[in-house]
Amino acid sequence: MIKARSFKGGIHPPGNKYLSSKQPITRLPAPETVWVPLCQHMGVPSKPTVSKGDKVTTGQEIGSQNGFISLPTHSPVNGTVKSVENFPMPHRRTGPCVVIETESEDGGQVFEKWDDYSSHSPAEITERIKLAGVCGMGGASFPTYVKLSPPPDKNIDTLIINGIECEPYLTADHRLMLENPDDIILGMEILAYTLGVENCLLGIEINKPDAIKIMDEKGCCVLPLKVSYPQGAEKQLIDAATGREVPAGGLPLDVGVVVQNVGTAAAVAKAVRDGEPSLRRIITLTGRGVISPANYDACVGTLFSDLIGKSGGYTEDVKRLISGGPMMGMSLYTDGVPVTKGTSGVLALTDDEVRDVVESPCIRCGKCVDVCPLRLIPNLIALAAENEKWKLAEEFGALNCMACGTCSYVCPAGRYLVHYIKKAQDAIRANKGKEA
Ligand code: SF4
Ligand code: SF4
């Protein structure tokens, strides 16, 4: 192992991971009804291939891929389709779901098992990963097969597996590394083979010494990283691991790197070795607003309210519900939203855990500039956005912002910096759409 590295900028918010980090992953049976979203990935939703009254089996395709940046959707249970309808989603909008009444569930193997992945070509494996509906499980939910299909002029030489989990509170990836390291390692090997790379690293922050030890003993090339938010963001991880800088507006493949999350690696192993589509995910349910914080293995389409019920319900002083982590997650107005492949956590926070700030004018202290990991000038982008000067906001680099929330976190004036910057991003993209 080598010395812990990191990136420039960043912050150290309280981790609060102790609430759930010792809780082993509990596999939950499927609930009586599942609401399976047809868009659990970045890009175009899949097209429903079933309708009311159809019988479906575990692993059956219920939505077909609908474009390049799209994936098929599969049923996580045996049951009967009750409806295909719009339903509230964890990202606050509504989206189409296949609603299935559960009769039973089984393993979900629908493809041939491949005991020896290396007897299949990289193209065959990429196709399998696509058909299995595997997408990034670290947050962005980008279709994994697309990342495995770089343009021919991009020379990929490094695969980085992301075991950072830098968002406070979340412990799902940590538990996965402790409890199922073999699937992660097999997934890493399959991904490296498919990309044709030999340099394969696993990044883990040094606040998870038990995970570092296990993965190191299993023969992984572990890259220990300093604890700093947002260490798990792709560009910051690449910088810390390789010293390469992804250009503004560029992608990891522009510097010869592909990054995949540990959960994605495990899903790849299941798809290739076991012939199982992506039907379940590990979720951290935590915060002082829930009676028993836990790490669950739940099927997609399980409602957040079902998870909270399994954990004994809310405490009396619960104040806010968030899908994802406290830095980049989304506040929810209801717990009646379904788990997707991208749901890393559900937070139920109390008054003590929520920082309600009253916004006041910028005092030009420069703290937001100091911590921005992308070296942007958040105060100026936000000011331009507040005054609807979209062109100026674009010139300041609004589109490069990854909405990590680091600048808002440190701002003594409580400026809603991310809110303004996102507003600018939406306006700039909408204007570009009109120009096209
Ligand atoms: S941290 Fe807040 S107050 Fe300080 S410069 Fe940035 S926006 Fe202004
Ligand atoms: S939210 Fe955007 S501007 Fe703010 S620190 Fe993160 S990348 Fe920089």
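Add 1457 to a position in the sequence shown, counting from 1, and you land on the number used in my numbering.
Glycine included, every Cβ here is placed at the ideal spot set by N, Cα and C.
For residue 1759, the nearest candidate out of 1484, 1772, 1722 (CA to CA)
1484
Spell out the partners DSSP gives residue 1778 in its beta bridges.
1789, 1805
Is any heavy atom in ligand 4 found nearer than 7 Å to the beta carbon of residue 1862?
For ligand 4, the structure offers nothing, since it holds only ligand 1 and ligand 2.
Distance cut-off 7 Å: residue 1829 Cβ against heavy atoms of ligand 1
Ligand 1 has no heavy atom closer than 7 Å to the beta-carbon of residue 1829.
Compare the C-alpha of residue 1688 against each of 1621, 1701, 1708 and name the closest.
1621
Assign residue 1458 to one of three DSSP states: helix, strand, or coil.
Because residue 1458 sits at a pLDDT of 47, beneath the cut-off of 50, its placement in the model cannot be relied upon, and the following sentence gives the value as read from the coordinates. It is coil, neither helix nor strand.
Could you give the DSSP three-state label for residue 1644: helix, strand or coil?
helix
Would a C-beta distance cut-off of 8 Å place residue 1725 and residue 1647 closer than the cut-off?
Taking 8 Å as the Cβ cut-off, residue 1725 and residue 1647 qualify as a contacting pair.
Do residue 1719 and residue 1633 have their C-beta atoms within less than 8 Å of each other?
Taking 8 Å as the cut-off, the Cβ atoms of residue 1719 and residue 1633 count as close.
On the CB-based measure, 16 or more other CB atoms within 10 Å of its CB, does residue 1790 come out buried or exposed?
exposed
Secondary structure at residue 1867, three-state DSSP: helix, strand or coil?
helix
Entirely enclosed beta strand (DSSP E) segments - the region 1478 to 1542, minimum 3 residues:
1482 to 1484, 1490 to 1494, 1518 to 1521
Run the CB neighbour count on residue 1610, radius 10 Å, all protein chains shown included, and call it buried at 16 or more, exposed below.
exposed
According to DSSP, is residue 1826 helix, strand or coil?
helix
Which class does residue 1695 belong to by DSSP, given the choice of helix, strand or coil?
Residue 1695 sits in a helix when the DSSP states are folded into three classes.
Within the same chain, show all residues whose beta-carbon is closer than 6 Å to that of residue 1824, passing over the 5 residues directly before and after it, in chain order.
1867, listed in sequence order.
By a C-beta neighbour count over all protein chains shown, 10 Å radius and 16 as the cutoff for buried, is residue 1896 buried or exposed?
In this structure the chain extends from 1458 to 1893, so residue 1896 is not present and cannot be described.
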